[in-house]
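Trainee: Below you will find the structure I want to go over with you.
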Amino acid sequence: TLFKVCLVHFMWEPFHLTGTEEGLQAVDRLVRTYKHSCSWFLGPFYSLVRLFHPDYVKPLLLASASITVKDELFYGFLRPWLGQSILLSNGEEWSRRRRLLTPAFHFDILRNYIKIFNHSSDVMHAKWRRLVANGESCLDMFSQISMLTLDSLLKCTFSYNSNCQENSSEYIAAILELSNLIIDRRGRILHHWDWWYWRTPEGRRFKRACDIVHGYLVERFMGAKYEEEKKKKVVDFIDLLLLSKDEEGQGLSDEDVKAEADTFMFAGHDTTASGISWVLYNLSQNQDYQDRCRAEVNDLLQDRQTEDIEWDDLNNLPFTTMCIKESLRLHSPVSAVTRRYTEDMNVPGGRVIPKGSICLLSIYGIHHNPEVWPDPDVYNPMRFDPENSKGRSSHAFIPFSSGPRNCIGQKFAMAEMRVVVALTLRRFRLTSGPEKVRRLPQVVLGAEGGLQLQLETLDPPQE
Ligand code: HEM
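Per the working numbering, the sequence shown runs over residues 5 to 467.
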């Protein structure tokens, strides 16, 4: 493994494919030069293929899960935290988990969470109003919104009212620390080696944070406190996972449920927070689109007693949804996914990717490919007008990946994004912060030093 790691670093460096603004610009240059894919070979044994065209990525993402393997090199660091969960498992093991988890993301379940998204937004906005009134009107969207997404995920997953938007918690601090430590580990070659890593101060911090997160879960759903709370609350993800049974009547073990709960927290909070933050950023740069979204939301809520967005309202925010999709294209929270295949894979032009090669399917590359998206760096929500989407490849826009291993939480995420963006625009005007924004591709796409935006509190519209 260490050899492979060194190899990938060695191949990465000359192309500056690092987690910085310059790294992303280097990908832009690769895409303009090679149009669909490029590869690095070292001797007869190792190769890495980077793909950034929908026609090339499509057969790979749609391939059967039985011949698809998630590469340990990219996903292995998550294993001590997430265990053998849906995100990290392969083959039969994965397919059983996916079948058991899918019902938890059905519309009928998700609609119950809309109230939670509204409430979490209300809490954040009340805090923003206080801060703005005290002269603190320039805020880092990532830190604000990741607390909101954690807050709502904790409620949807465990029915746990953490109050984390107002008070710090050991559990939340541990989750944030784990995400940071994973990035840190990726960047230090020697730390890729398990034996070494667990002896370093960072490895010990990782272990401690994992213990806190795992211990918390045991307390949550084994403890008497939880039994007591369970009597009062709506059905949450944990309830559904505990009840779920396959065709043979077999369910998930307690260990499995814990691994999946950890995975929802990991896969669901930073991604959605990055998605929402970038929408707000893009709208701060395009006041005309921001005004149009605000008018759409105000029209929708006109004559209502409350400001709550309902499940059935989500389809009545077409322009806001187009703005969200265009932001997911331009600033995809997840830049790439990696895979290996146990068979040779055919891609267009009679080309073959040898089995065992690491395939880096570049979501960023596809979304910025000028052959697919003219003027790819321009934020233009009209690209997602149904008229303008005709004839576009099904794989031109894949922020949630696609195929059997696509994002199981995408409807959840789209619903939360629409609620938070709609309510935020109704209540605040957003304009640029003081610094030029430099993108920072890490586990998700962030910005160096945070994403600062200027807020102005708006009065409720006069009906
Ligand atoms: C804007 C928000 C989100 C984005 C952009 C996103 C993106 C993705 C992507 C690209 C993948 C494929 C990963 C891979 O192949 O390695 C994925 C998988 C996954 N996502 Fe999401 N995600 C989001 C929100 C969520 C939420 C809210 C949840 C759960 C509550 C979630 C749970 C998962 C899980 C469990 C998988 C693994 C599915 C499998 O392997 O079968 N995601 N997501």
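For each residue, glycine too, the CB sits at the ideal point set by N, CA and C.
1) Using 8 Å for Cβ pairs, my map puts glutamine 468 next to serine 141. What's the rounded Cβ distance?
2) Compare the Cα-Cα distances from leucine 221 to each of Leu364, Phe162, Asp303 and report the closest residue.
3) I'd like the span of the alpha helix (DSSP H) that includes serine 393, first residue to last.
4) State the DSSP-derived secondary structure class of lysine 415, mapped to helix, strand or coil.
5) Give a yes or no on whether the C-beta atoms belonging to isoleucine 313 and asparagine 122 are separated by under 8 Å.
6) Rounded to the nearest angstrom, how far is the Cβ of isoleucine 186 from that of leucine 82, given a contact under 8 Å?
7) Nearest-angstrom Cα distance between tyrosine 50 and aspartate 348?
8) Should serine 51 be listed as close to the ligand HEM, given that the test is whether its C-beta is under 7 Å from any heavy atom?
9) If you reduce the DSSP assignment to three classes, tell me which class glutamate 17 lands in.
10) Reducing DSSP to helix, strand and coil, say where aspartate 240 ends up.
11) Cβ atoms of tyrosine 383 and glutamate 330: under 8 Å apart, would you say?
12) Given the structure, does threonine 267 come close to the ligand HEM, in the sense that its CB is under 7 Å from one of the ligand's heavy atoms?
13) Alpha carbon to alpha carbon, how far is histidine 20 from phenylalanine 404?
14) Quick check on the burial criterion: 16 or more other C-beta atoms within 10 angstroms. Buried or exposed for glycine 272?
15) Alanine 68 to asparagine 94, Cα distance in whole Å?
16) Methionine 94 bridges to which residues according to DSSP?
17) On the DSSP letters alone, give me the boundaries of the alpha helix (DSSP H) that proline 58 sits inside.
18) Can the beta-carbon of valine 283 be found closer than 8 Å to that of methionine 421?
19) Report the rounded CA-to-CA distance for alanine 130 versus methionine 151, giving the unit in angstroms.
20) On the DSSP bridge list, what partners appear for asparagine 350?
21) Hey, how far is the Cα of glycine 255 from the Cα of glutamate 375?
Mentor: The structure says:
1) Here the chain comprises residues numbered 5 to 467, so residue 468 is not present and cannot be evaluated.
2) By 1-based counting over the sequence shown, the position of residue 221 is 217. It is Phe162 whose Cα lies nearest to the Cα of leucine 221.
3) Counted from its first residue, the sequence shown places residue 393 at position 389. Here the alpha helix (DSSP H) through serine 393 covers 390 to 393.
4) Looking up residue 415 in the sequence shown gives position 411. If DSSP states are grouped into helix, strand and coil, lysine 415 belongs with the helices.
5) Residue mapping note: residue 313 aligns to position 309 of the sequence shown, counting from 1. Residue mapping note: residue 122 aligns to position 118 of the sequence shown, counting from 1. Using a Cβ distance threshold of 8 Å, isoleucine 313 and asparagine 122 count as a contacting pair.
6) Working through the sequence shown from its first residue, we reach residue 186 at position 182. Working through the sequence shown from its first residue, we reach residue 82 at position 78. The pair is a contact, with the Cβ atoms about 7 Å apart (cut-off 8 Å).
7) As a position in the sequence shown, residue 50 is number 46, starting the count at 1. As a position in the sequence shown, residue 348 is number 344, starting the count at 1. The C-alpha of aspartate 348 is placed about 14 Å away from the C-alpha of tyrosine 50.
8) Here residue 51 refers to the residue found at position 47 when the sequence shown is read from its first residue. No; taking the cut-off as 7 Å, the Cβ of serine 51 has no heavy atom of the ligand HEM nearer than that.
9) To locate residue 17, count along the sequence shown from 1; it is residue 13. Because the pLDDT at glutamate 17 is just 47, under 50, the model does not fix this residue reliably, and the value given afterwards should be weighed accordingly. If DSSP states are grouped into helix, strand and coil, glutamate 17 belongs with the helices.
10) The residue labelled residue 240 in the question sits at position 236 within the sequence shown. Aspartate 240: coil per DSSP, three-state reduction.
11) By 1-based counting over the sequence shown, the position of residue 330 is 326. By 1-based counting over the sequence shown, the position of residue 383 is 379. Result yes, Cβ atoms of glutamate 330 and tyrosine 383 sit closer than 8 Å.
12) The sequence position of residue 267 within the sequence shown is 263, counting from 1. Indeed, a heavy atom of the ligand HEM lies less than 7 Å from the Cβ.
13) For this step, residue 20 is matched to residue 16 along the sequence shown. For this step, residue 404 is matched to residue 400 along the sequence shown. Low confidence applies to histidine 20: its pLDDT is 44, below 50, so where it sits in the model is not reliable, and the reading given next is rough at best. The alpha-carbon atoms of histidine 20 and phenylalanine 404 are separated by roughly 26 Å.
14) Along the sequence shown, read from residue 1 onward, the residue named residue 272 stands at position 268. Buried, since its Cβ has 16 or more Cβ neighbours within 10 Å.
15) Within the sequence shown, residue 68 is the residue found at index 64, counting from 1. Within the sequence shown, residue 94 is the residue found at index 90, counting from 1. The residue you asked about is not alanine; residue 68 is serine in the sequence shown. Going by the C-alpha atoms only, they are around 11 Å apart.
16) Counting from one through the sequence shown, the residue named residue 94 turns up at place 90. Sequence inspection shows asparagine at residue 94; the methionine mentioned does not correspond to that position. Bridge partners of asparagine 94: none, in fact.
17) Counted from its first residue, the sequence shown places residue 58 at position 54. Residues 58 to 65.
18) Stepping through the sequence shown from its first residue, residue 283 is reached at position 279. Stepping through the sequence shown from its first residue, residue 421 is reached at position 417. In this structure, methionine 421 lies closer than 8 Å to valine 283 by Cβ.
19) Along the sequence shown, read from residue 1 onward, the residue named residue 130 stands at position 126. Along the sequence shown, read from residue 1 onward, the residue named residue 151 stands at position 147. Each residue's alpha carbon lies about 14 Å from the other.
20) Your numbering for residue 350 matches position 346 in the sequence shown. In the DSSP output, where bridge partners are listed per residue, asparagine 350 has Val356.
21) Position 251 of the sequence shown, counting from 1, holds the residue named residue 255. Position 371 of the sequence shown, counting from 1, holds the residue named residue 375. Between glycine 255 and glutamate 375, the C-alpha separation is close to 47 Å.
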